[in-house]
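In the numbering used here, the protein residues as written are 247 to 527. Working notes for the structure below.
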């Protein structure tokens, strides 16, 4: 942009002074116009600098935030693959481990739904407003060019002041809103993530290692083979329990022996009666 110099305004002034056609009032008015031109020139530069600065840094912010969102979306995709693999592996395992892994996979899949919502909100509340500043920058730059072309210096200066003020006010408000939305979205996601990971951790801790180990060991032996758990339980009985068990077995044996003896005596008596009858005949 061509800047206004003193010579641009005073050149016609000096030529008229030589002709003796300028009065003191006209000279004063010309100097006032010069000040207005300088002020307008400074304001125009300020607006252009502000627009250029926003164009540069908002563009960079938009690109980096967009990359951040893409990375988050890729993380969601990788997590979905992990969920599938965990479910496939769980189907091959022992009951408690299988259930624990499947519960973990369900919680982890739920987290990816929250991550998808995070991606969509970031795109709508952060990326799009930053993208919109491309059009805003073009509009403000066109306004600056229009003010420069205006011949009404006083009115142009006033409009430039309003334009610069409104642009700065809107920029600060938008930056505040964009970063507030970003923080809110991230806090919401991580709050949900904490809840989900807590539930997932509890599901993993509920896996009964001893029960699953017993299931695995039983799969190594025939069905009629006593399980290690039964052996351990038998060995863990107190001396009193073992004594009572032994007495019970012994008593049962004695009863059976007595019955056998009675039966034997009855049979002997029958044989003796049969022999006595034959002798009489």
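The C-beta atom is built at its ideal place from N, Cα and C for all residues, glycine as well.
Query	Result
Please report the residue range of the alpha helix (DSSP H) in which residue 371 lies.	First-last for residue 371: undefined, no H or E at that position.
Kindly indicate the opening and closing residues of the alpha helix (DSSP H) around residue 466.	Where residue 466 is concerned, there is no enclosing alpha helix (DSSP H), given that its DSSP letter is neither H nor E.
Is it buried or exposed, residue 289, if we count other Cβ atoms within 10 angstroms and call 16 or more buried?	buried
Three or more C-beta pairs under 8 Å: does that hold for the stretch 347-358 against the stretch 327-338?	yes
Taking residue 358 as the reference, which of 346, 299, 342, 323 has the closest Cα?	323
Out of curiosity, what's the CA-to-CA distance linking residue 451 and residue 433?	27 Å
Here's the rule: buried if 16 or more other CB atoms are within 10 angstroms of the residue's CB, otherwise exposed. What is residue 409?	buried
I'd like to know whether the C-beta atoms of residue 376 and residue 315 end up nearer to each other than 8 Å.	no
Rank 462, 318, 437, 386 by C-alpha distance to the C-alpha of residue 291 and give the top, closest one.	386
Just to confirm, is the Cβ distance from residue 383 to residue 300 under 8 Å?	yes
Leaving out the 5 sequence neighbours to the left and right, which residues in its chain are closer than 7 Å to residue 529 when beta-carbon positions are compared?	For the chain, the structure presents residues 247 to 527; residue 529 sits outside this window and is missing.
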